[in-house]
Amino acid sequence: MALQMKLTAITLDCPDPEALVAFYAQATGLGIHPGSDRDFAGLDGDDGLFIGFQRVDGHQAPRWPDQTVPQQIHLDFEVDDLDQGEALLLALGAARPDCQPGGDRWRVLTDPAGHPFCLTRRKV
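With our numbering, you'll find the sequence shown wraps up at 170, consecutive numbering, no jumps.
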């Protein structure tokens, strides 16, 4: 019998959990967990998924697509409009790397701690 597991949490290392949780809260509309603090902060998803952000002293931001400091994690988010989604996220503090391998199919951005993530068009 195969082990049945349910993903309940994803945690990202970062230098400033409060700043990163604020970015993702604004980007996703998820609520900030009431126990969040300067060392560990999180978002509560409607479906029970928790996204955490933990302080790591000396954190080195990924250098995507260069692998000298690898991605560490990669998240994908669906949006209705790639241009609008990108513009809103850039205004919140995301960055757009020069390397964009998705063409018109997806966009690669990095969060304020340097983690790459992708925007894809919402599937109809």
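Note that CB positions come from ideal geometry on N, CA and C, so glycine has one too.
The beta strand (DSSP E) spanning residue i covers which residue range?
i    : result
P162 : P162 to R167
D150 : Where D150 is concerned, there is no enclosing beta strand (DSSP E), given that its DSSP letter is neither H nor E.
Could you give the DSSP three-state label for residue i: helix, strand or coil?
i    : result
P155 : The sequence shown places Leu at residue 155, not Pro. Strand, per DSSP.
L66  : helix
T54  : coil
Classify residue i: buried if its beta carbon has 16 or more other beta carbons within 10 angstroms, exposed otherwise.
i   : result
I97 : buried
L53 : exposed
P80 : exposed
G77 : exposed
Taking 9 Å as the CB-CB limit, is residue i close to chain C?
i    : result
R168 : No chain C is part of this structure, which consists of one protein chain only.
* Where are the alpha helix (DSSP H) runs, 4 residues long or more, that stay fully inside the region 89 to 144, in chain order? -> 128 to 138
* Counting pairs of Cβ atoms below 8 Å between the region 58 to 76 and the region 157 to 166, do you hit three or more? -> Yes: at least three Cβ pairs fall under 8 Å.
* To do: Kindly confirm or deny that the region 94 to 112 and the region 68 to 86 touch, where touching means at least three C-beta pairs closer than 8 Å.
  => yes
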